[in-house]
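Just below is one structure, and these are the notes that go with it.
There are 2 protein chains.
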Amino acid sequence: MFPRSQPAGPSLASNHLKGPSTELEPRFPDRSPAPPSERVTLMDIAADAGVSRATVSLVIRNVPIVAGTTRERVLDSMRRLGYVYHRGAASLRTQRTHAIGLIVTDITNPFFAEIIVAIEDRLGNAGYVTLLGNTSETVAKQERLLALMQEYPADGVLLCPATDKSDQFTRRIRDCRIPKVFFARTLPGVECDYVGIDNLAGAQMAVEHLLGLGHRRVAFIGGATEVSSRKERIKGYAAALGKNRIGVDDSYIVPSAPDRQGGYHAMNQLLAQPQPPTAALCFNDMVALGALQSLASTGKRAGDDFAIVGFDDVAEASLCRPALSTIATRPGKIGEAAAELLLERIAKPDQIARKVIFQPELIVRESCGHAWSNRKHHS
Amino acid sequence: MFPRSQPAGPSLASNHLKGPSTELEPRFPDRSPAPPSERVTLMDIAADAGVSRATVSLVIRNVPIVAGTTRERVLDSMRRLGYVYHRGAASLRTQRTHAIGLIVTDITNPFFAEIIVAIEDRLGNAGYVTLLGNTSETVAKQERLLALMQEYPADGVLLCPATDKSDQFTRRIRDCRIPKVFFARTLPGVECDYVGIDNLAGAQMAVEHLLGLGHRRVAFIGGATEVSSRKERIKGYAAALGKNRIGVDDSYIVPSAPDRQGGYHAMNQLLAQPQPPTAALCFNDMVALGALQSLASTGKRAGDDFAIVGFDDVAEASLCRPALSTIATRPGKIGEAAAELLLERIAKPDQIARKVIFQPELIVRESCGHAWSNRKHHS
DNA sequence: AATCAGATTTAGATCGATCTAAGCTACGCA
DNA sequence: TGCGTAGCTTAGATCGATCTAAATCTGATT
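If you read the sequences in order, they're chains X and A.
If you're matching positions, the first sequence starts at 42 in our numbering and goes up one per residue.
If you're matching positions, the second sequence starts at 42 in our numbering and goes up one per residue.
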């Protein structure tokens, strides 16, 4: 899928570092002649206002030592000539770009969309721009995006890793000296600031609720095996089962892509088993919504014929029919905290790594139904 | 809501251009002493490999005139010293940042999320990075984001305007010389490349379907009045009514925020009228989903007691209960085309403005029900 | 040996800002 | 009158790359 074609432009300069130096097509960058560039610069302002570049710079940065009259004169020139600040040039000198890389695995998942909004908001208020990257859960793209952020260079990176299976990526992220914060998922072996939720507790809560309703055959649906949050959730799932002296049946743990489609297929697979489960905790709400769809397509009714609990509490969870029971995770809070942590990390690059873990909350709606043991069950 | 606090940092330099030069707090930018900056530069590589900066630059850019042995030597040095390309520095010289600003009104709307993914993908393959900005339908934020993109400076901007009511914004966007493409919505008075869908045809199709089912009191729910796509859709709505000799009843046209909540409230308002409508076309699917929620909360059943058609065909539309009838718009196609147009515009800044309009498609599911005239109706 | 073309390499200017350290005023005071 | 000082301004170096125009090096040709 990616890269579709050898991308052009300098962005891949760092590629020369890896792979054998294959004889790529000659790449004359930016052959298009630089446009006449009518950009108004500090120089122009200085000339117009009859002062030096340095003075104009002081005015722009609002340094208060400039005389009031001079200041007015300069501001007036800026207004008249239509001056536009050039961040790139300033960044080169100050060694700060005020850009933050944000790498998520799936923008179309409302969980991430809400995190993005929160992060953008917080960082924007602090004067930073967000460079958004979407990995589509792909290690290759994740790798490329991180390289890009380094080249930019971004002042910091907020990252939700796609998988912890790539040693190359783990090494790269550990070596890169950019301040960074992980969110929603960790990367084992990388000591780093992290904002997430108590996945174990959340999953345990959910499964205990299902067991409390009388279910004995409970599945865990969806998610990629190499993702930290899934591992933790499965621990919680197993813990709840263990506490109730129920063994973990591996055939009830079905991985999948962490989206609707993944959930749909995983549920189909579960229902095809000789002794299918009667309930399931899903890796996240997208998976759960896919699972609901699968149930509907086989004529079963979620809540009545099968109990489903999701994870995240996206807006859709309360609106779909049957409404989805789920573990609420407050993505906005996660985003806000991650941004906050990164800003602090940038300010103090050498403080020790911190972790912020939010407690999730069980929200019971319709999809997990009521007491199961009273029903037709007991086969 | 915004800005919560006076944002710091150079991002607001251009602010000095407007407002009266109020005595802001002294702002010494980036007081933190520049970090020791152990960045490996071209210079370092050149010294290590025993060549000049220029030669290293040639190697990096893969210009083929460099001798094979020299090339190898340089690549080896780069590898050993851990060189990371510095886009910012290069951009300053080449006058191209390979960054594209992308301004949308609501990331959490899956319609936009899918557009974003498509755009990112296409631009990424062309060697560009995406700077994402979310306006939350706010003119102020939209204004700030555009300024930011100009300051960056971005090589181009993809923009879905929040509203066409701000003259200041219209002027600013018209004056800014950055290559730009509008998508999903236009801005009247700004001659510019544009990618969108045939809103008039889509809305007309939807309303004609509702009329065909026997409805006579059809509403138009949601959306902000100053948005081009809504205006076009209302034209289509009116056209369909007119064709069937039904007058437009202004009390049946209820604007709202273009999201779930907006749809919820707008529908509540409609149902409270003395003679409520029996069907509605919604501004978009998010609004429609909110409307469904409102119906459900009042005990009415969409499809049976009220017919709803949405707009966009987001994933959720086919999954909610009742499944949402809607006008499919293929956001992925829109994103791809917008990116394509922008790339061409960057290559040829002076070609005349082009418009790409996709034809939408009516998708009938459950929420609009079946023939209405056969029912209890006919009051 | 001199000349020349073609192949490589490079010095130095440049992009547009910031920063340092020094310079210039004007004023107060001895 | 001279001098320190506070207040304001500025020349020139700098960030890390690219680009231009010229220099250097080959080897072949005359």
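All C-beta atoms in this analysis are idealised placements derived from N, C-alpha and C, irrespective of residue type, glycine included.
Between the options, which has its C-alpha nearest residue i's C-alpha?
| i | options | result |
| --- | --- | --- |
| Asp353 (chain X) | X:Val405, X:Phe347, X:Ser292, X:Gln310 | X:Val405 |
| Cys201 (chain A) | A:Leu241, A:Ala140, A:Asp89, A:Val222 | A:Val222 |
| Val269 (chain A) | A:Asn240, A:Lys284, A:Leu252 | First, the amino acid is wrong: residue 269 (chain A) is Ser here, not Val. Of A:Asn240, A:Lys284, A:Leu252, the residue nearest in Cα terms is A:Asn240. |
| Glu184 (chain X) | X:Leu164, X:Leu330, X:Asp205, X:Gly168 | X:Asp205 |
| Phe324 (chain A) | A:Leu143, A:Val81, A:Phe152 | A:Phe152 |
| Asn175 (chain A) | X:Asp290, X:Arg301, X:Glu161 | X:Glu161 |
| Val236 (chain X) | X:Gly410, X:Ser408, X:Val397 | X:Val397 |
| Gly283 (chain A) | A:Arg102, A:Ile156, A:Glu249 | A:Glu249 |
| Glu192 (chain A) | X:Ala280, X:Ala108, X:Val81, X:Thr370 | X:Val81 |
| Arg258 (chain A) | A:Val92, A:Asp346, A:Leu164, A:Gly109 | A:Asp346 |
| Arg226 (chain A) | A:Arg274, A:Asp326, A:Ala280, A:Thr339 | A:Arg274 |
| Ser292 (chain A) | A:Ala332, A:Ala307, A:Ala90 | A:Ala307 |
| Asn285 (chain A) | A:His256, A:Gln310, A:Arg301 | A:His256 |
| Gly263 (chain X) | X:Gln136, X:Pro296, X:Ile156, X:Gly277 | X:Pro296 |
Run through DSSP, which three-state label would residue i get?
| i | result |
| --- | --- |
| Ile214 (chain A) | helix |
| Tyr126 (chain X) | coil |
| Ala159 (chain X) | helix |
| Tyr169 (chain A) | coil |
| Ser421 (chain A) | Residue coverage of chain A in this structure runs from 42 to 420, which leaves residue 421 (chain A) outside it and unanswerable. |
| Glu267 (chain X) | coil |
| Val115 (chain X) | helix |
| Ile238 (chain X) | strand |
| Leu403 (chain X) | strand |
| Leu254 (chain A) | coil |
| Ile86 (chain X) | helix |
| Val100 (chain X) | helix |
| Ala95 (chain A) | helix |
| Asn325 (chain X) | coil |
| Lys272 (chain X) | helix |
| Ile39 (chain A) | The structure shown does not extend to residue 39 (chain A), since chain A is modelled only from 42 through 420, so no value can be given for it. |
| Asn175 (chain X) | strand |
| Ala140 (chain A) | strand |
What number of angstroms, rounded off, separates the C-alpha of residue i from the C-alpha of residue j?
| i | j | result |
| --- | --- | --- |
| Ala337 (chain A) | Ala343 (chain A) | 8 Å |
| Ala298 (chain X) | Ala265 (chain X) | 6 Å |
| Ser177 (chain X) | Arg212 (chain A) | 38 Å |
| Ile294 (chain A) | Asn150 (chain A) | 22 Å |
| Leu403 (chain A) | Asp216 (chain A) | 39 Å |
| Pro401 (chain X) | Ala247 (chain X) | 10 Å |
| Gly304 (chain X) | Gln334 (chain X) | 9 Å |
| Ala412 (chain X) | Ala321 (chain X) | 15 Å |
| Lys341 (chain A) | Ala131 (chain X) | 60 Å |
| Leu83 (chain A) | Pro105 (chain A) | 18 Å |
| Leu360 (chain A) | Asn166 (chain X) | 37 Å |
| Ala88 (chain A) | Arg271 (chain X) | 48 Å |
| Phe261 (chain A) | Ala154 (chain X) | 28 Å |
| Ile238 (chain X) | Gln314 (chain A) | 45 Å |
| Phe210 (chain A) | Leu187 (chain A) | 9 Å |
| Leu199 (chain X) | Arg163 (chain X) | 13 Å |
| Ala380 (chain A) | Ala388 (chain A) | 12 Å |
| Ala279 (chain A) | Val289 (chain A) | 6 Å |
| Val100 (chain X) | Leu133 (chain X) | 19 Å |
Apart from the five residues on each side of it in sequence, which residues of its chain come closer than 6 Å, Cβ to Cβ, to residue i?
| i | result |
| --- | --- |
| Ala394 (chain X) | Glu232, Cys233, Asp234 |
| Ile86 (chain A) | Val97, Ser118, Met119, Tyr124 |
| Glu460 (chain X) | No statement about residue 460 (chain X) is possible, as the shown extent of chain X runs from 42 to 420 and does not include it. |
| Asp71 (chain A) | Annotation note: pLDDT 38 at Asp71 (chain A) (below 50); position unreliable, coordinate value reported separately. Taken in chain order, the list of residues that qualify is empty. |
| Arg301 (chain A) | Met327, Leu330, Gly331 |
| Val107 (chain A) | Leu99, Val100 |
Once you ignore the five residues that flank residue i on each side, which residues in its own chain have a CB closer than 8 Å to its CB?
| i | result |
| --- | --- |
| Ile368 (chain X) | Gly243, Ala244, Met246, Ala247, Val350, Gly351, Phe352, Asp353, Asp354, Pro401, Glu402, Leu403, Ile404 |
| Val158 (chain A) | Gly373, Gly376 |
| Cys409 (chain A) | His250, Leu251, Leu254, Ala320, Gly344, Ala348, Ile349, Val350, Ser366 |
| Gly168 (chain A) | His139 |
Which residues in the same chain have their Cβ closer than 7 Å to the Cβ of residue i, if we skip the five residues on either side of it in sequence?
| i | result |
| --- | --- |
| Ala195 (chain X) | Thr138, Ala140, Ile141, Gly142, Leu172, Ile219 |
| Ala203 (chain X) | Thr146, Thr176, Glu178, Thr179, Val180, Gln183 |
| Ser207 (chain A) | Val180 |
| Thr339 (chain X) | Leu312 |
| Gly230 (chain X) | Thr211 |
message: Three Cβ pairs or more, each shorter than 8 Å: is that satisfied between the segment 106-113 of chain X and the segment 127-135 of chain X?
response: Fewer than three Cβ pairs drawn from the segment 106-113 of chain X and the segment 127-135 of chain X lie within less than 8 Å of each other, which leaves the two stretches out of contact.
task: Answer yes if the segment 379-386 of chain A comes into contact with the segment 344-364 of chain A, meaning at least three C-beta pairs across the two stretches below 8 Å, and no otherwise.
output: When Cβ pairs closer than 8 Å are counted between the two stretches, the segment 344-364 of chain A is seen not to touch the segment 379-386 of chain A, the count staying below three.
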